[in-house]
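Chains as they are written, first to last, in my numbering: chain A, 2 to 355; chain B, 2 to 355.
Each residue gets a CB set at the ideal place from its N, CA and C atoms; glycine is no exception.
Remarks on the structure that follows.
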DNA sequence: CTGAAAGCGCTAACAC
DNA sequence: GTGTTAGCGCTTTCAG
């Protein structure tokens with residue numbers, strides 16, 4: 002019956018019970034190997050701690066140590082699946098070092114973001130992980146560049162240029178897209194479309210670029226007509242897969258800027274009687290839960306690794322604050338599932354024409 | 002050029018610059034209306050604070066105030082879309098009160114969970130929000146019941162029985178499922194299947210129960226043959242939608258325990274030449290991003306509201322620690338999209354037989 | 001090897 | 001109205 006209700010017990014209680022001073026207790030409880038303490042004392046302190054159910058107060062500790070063992074995470078992302086994996090990766094990397102994540106997940110309002118960011122800084126986070134769409138960021142007024150100047154390390158995820166000296170982790174989207182396109186050409190497709198997204202995200206640009214390169218490599222001239230935005234610029238305008246299917250000679254294969262666009266394209270095509278993969282090969286981007294559920298061929302972005310590496314970069318910078326800014330590029334990978342079907346014969350071209 | 006680099010400035014600096022004592026500065030900066038302070042002084046302090054770019058240290062404040070303005074969130078959930086909405090809801094409710102969320106997102110390992118939970122407690126979170134599958138929890142040894150006993154308020158999300166006095170927020174799944182099933186009977190379906198999930202989650206039970214009730218209401222005897230698990234008990238065994246389609250008289254409509262099961266069913270059916278909605282009406286559960294993308298008829302669970310209410314319950318309990326345990330049940334809602342199609346005529350029964 | 005004392009940055013009583 | 005003092009719970013020199 003060691004019921005210890007409210008009266009939170011502190012290190013002095015442990016010390017008293019073990020018959021030592023708080024300082025000694027602190028030394029053994031913080032596993033400080035460099036301080037020589039008699040083994041019998043060590044044991045006594047530890048026993049006292051368990052007996053009392055001692056739980057160190059991280060707040061007090063933070064105040065003295067001048068660090069909180071906490072990272073702030075600012076998240077504004079469309080794909081919750083990506084975010085979830087990212088978060089899990091971060092937490093994985095943090096676990097062994099007993100670091101935490103203080104979360105600021107906004108729906109995209111920069112004002113809210115700034116407010117939450119400020120809050121994170123008040124809480125003295127040891128570092129920041131930032132993932133948000135690249136709206137214009139003024140280095141002088143935006144909270145993040147200021148925080149970086151004041152010495153808070155920051156790594157930005159999935160962006161390449163940030164107006165402050167930060168570390169980057171990104172995925173190799175250009176290569177992934179190239180691989181995916183090549184897969185389509187190898188399957189026999191010559192007329193391949195791309196549904197992009199409105200925002201001029203550098204990530205999406207890379208994907209279009211990879212697509213272009215693969216086309217060129219296959220001796221196909223990229224047709225600007227076949228690259229269309231998912232969202233209409235003006236209401237009523239045909240957009241996305243619809244626009245592509247409306248072309249005089251519609252593509253036989255389509256890449257989408259992300260899995261969600263691909264999934265929508267799949268549905269829309271189906272409604273028009275265009276079957277995937279029989280009539281249309283489709284590939285997504287991201288390998289989110291959507292792609293997994295739909296058996297969608299896609300380019301895998303290692304979101305979990307992204308999170309893990311982001312945290313690692315932060316840890317590295319805590320040790321070496323002056324290390325040169327790093328950009329880590331993680332490889333993508335083509336995941337072949339069912340949405341492209343087997344090799345097909347191009348219409349108009351006889352099979353194995355000899 | 003008010004470049005203030007590293008030397009973090011504290012409240013004493015502000016006080017000095019304003020020509021007041023730290024205490025006074027603290028009073029005005031914490032917006033304490035009850036302390037009478039001359040307006041001119043107030044202004045001076047505030048000006049000094051902005052001029053110096055003062056940022057309060059939340060850690061120090063927490064230590065004195067005895068609370069951290071931080072909630073801990075323990076998340077182990079299958080659906081990232083649900084989790085994302087939940088988190089956003091929590092953050093929404095926290096924003097105005099300047100509360101934070103310390104996150105522990107585990108992949109389901111109870112050992113890791115306990116470790117992270119302990120960490121949250123060390124960080125002195127003011128409250129806990131818990132969402133995880135209901136594996137067996139021993140009230141004597143599990144960290145959460147212990148934390149509750151020691152006085153940390155906790156609200157558990159989407160579970161009904163927890164071996165500790167906590168508050169609950171759940172969704173009205175039984176009613177939602179009933180509504181969905183009723184929708185199917187009204188569409189003319191008499192043979193309706195249900196794909197459940199292996200885990201005996203109380204949430205899923207509710208969904209099956211609602212389905213049964215609606216069947217009974219429509220004068221249809223529930224056929225146990227039509228309730229199948231998504232995952233095979235033994236490898237190789239037919240399961241999920243496959244098992245249902247293999248029945249002598251397969252169902253014309255199927256409810257799934259969640260959207261992801263529904264999405265898989267859709268794909269699997271398609272592969273067997275069974276079209277949704279023409280040959281098979283399908284309804285999901287959750288209204289996750291999956292359902293939205295697929296135009297899947299589903300039962301909406303207000304995940305965001307769930308998060309908001311969870312945080313509210315915590316706030317309430319901080320004010321009234323002794324308030325009786327509360328269970329909040331949030332309404333679900335049938336979202337009709339495309340996966341059930343229009344009213345159909347039951348095979349064998351002539352249309353509008355008069 | 002261990003303890004005493006100082007202080008992290010802030011707020012809360014209580015003087016003035 | 002405002003300043004002084006005393007901690008919050010812990011770690012950390014630095015003596016002993």
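Tell whether a beta-carbon distance below 9 Å holds between residue 300 of chain A and residue 180 of chain A.
yes
Can you confirm whether residue 86 of chain B, when its beta carbon is compared against all beta carbons of chain A, has any partner nearer than 9 Å?
yes
Nearest to residue 126 of chain B by CA position, among B:315, B:243 and B:79, is which residue?
B:315
Run through chain B and tell me which residues come within less than 7 Å of residue 89 of chain A, C-beta to C-beta.
106 and 108
Could you check whether the Cβ of residue 6 of chain A sits closer than 9 Å to any Cβ belonging to chain B?
Residue placement at residue 6 of chain A is poorly supported in this model, since its pLDDT is 42, which falls under 50; the coordinates are not used for a value here.
Which same chain residues end up closer than 6 Å to residue 348 of chain B when comparing Cβ atoms and leaving out the 5 residues on each side of it in sequence?
With a pLDDT of only 48 at residue 348 of chain B, under 50, the local geometry of the prediction cannot be trusted, and no value is derived from it.
Environment of residue 97 of chain B [buried if 16+ CB atoms lie within 10 Å]:
exposed
On the DSSP bridge assignment, give the partners of residue 232 of chain A in chain order.
Paired residues: none, contrary to the question.
Neighbouring residues, chain A, relative to residue 69 of chain B (Cβ below 9 Å):
60 and 124
Given a threshold of 16 other Cβ atoms within 10 Å of its Cβ, counted over all protein chains shown, does residue 16 of chain A qualify as buried or as exposed?
buried
Can you give the beta carbon distance from residue 182 of chain B to residue 211 of chain B, rounded, assuming they're within the 8 Å contact cut?
7 Å
Comparing alpha-carbon positions, which option in A:336, A:330 and A:323 lies nearest residue 149 of chain A?
A:323
Tell me which same chain residues have a C-beta within less than 7 Å of the C-beta of residue 26 of chain B, skipping the five on either side of it?
12, 15, 16, 19 and 46
Ends of the alpha helix (DSSP H) at residue 42 of chain B?
40-53
Rank A:169, A:213, A:216 and A:231 by C-alpha distance to the C-alpha of residue 197 of chain A and give the top, closest one.
A:231
For residue 73 of chain A, which of helix, strand or coil comes out of DSSP?
strand
Starting from the Cα of residue 214 of chain B, find the closest Cα among B:239, B:54, B:108 and B:186 and give me that residue.
B:186
Where do the N-terminal and C-terminal ends of the alpha helix (DSSP H) with residue 184 of chain B fall, by residue?
174-187
With a cut-off of 9 Å, does the C-beta of residue 143 of chain A fall near any C-beta of chain B?
no
Taking all protein chains shown into account, do 16 or more other C-beta atoms lie within 10 angstroms of the C-beta of residue 160 of chain A, making it buried, or fewer, making it exposed?
buried
Beta-carbon within less than 8 Å of residue 28 of chain A's beta-carbon, same chain only, minus the 5 sequence neighbours each way: which residues are those?
36 and 38
Could you pull out every residue in the same chain whose Cβ sits closer than 6 Å to the Cβ of residue 146 of chain B, ignoring the five residues on either side in sequence?
140, 164 and 165
Residue range of the alpha helix (DSSP H) that includes residue 245 of chain B
241-246
Which residues in the same chain have their Cβ closer than 6 Å to the Cβ of residue 308 of chain A, if we skip the five residues on either side of it in sequence?
87, 90 and 91
Residue 284 of chain A and residue 254 of chain A: beta carbons closer than 9 Å?
yes
Beta carbons nearer than 7 Å to chain B: which residues of the region 308-321 of chain A have them?
none
So, with DSSP's three-state summary, where would you put residue 287 of chain B?
strand
Output, in chain order, the set of chain A residues within a Cβ distance shorter than 7 Å of residue 266 of chain B.
The contacting residues do not exist; residue 266 of chain B stays about 10 Å from chain A at best.
Residue 153 of chain B to residue 122 of chain B, Cα distance in whole Å?
8 Å
Excluding the 5 residues preceding and the 5 following residue 104 of chain B in the sequence, name in chain order all residues of the same chain whose CB lies nearer than 6 Å to its CB.
74
Can you pull the chain B residues whose beta carbon is under 7 Å from the beta carbon of residue 243 of chain A, in chain order?
None at all; the shortest Cβ gap to chain B is about 15 Å.
Tell me the DSSP secondary structure of residue 260 of chain A in three-state form.
helix
Does any CB atom of chain A fall closer than 9 Å to the CB of residue 9 of chain B?
yes
Anything in chain B within Cβ reach of residue 294 of chain A, meaning under 8 Å, just list it in chain order.
261, 264, 265, 268 and 291
Taking the alpha-carbon positions, what's the residue 184 of chain B to residue 297 of chain B distance?
14 Å
Who are the neighbours of residue 56 of chain A on chain B, taking C-beta pairs under 8 Å?
119, 122 and 123
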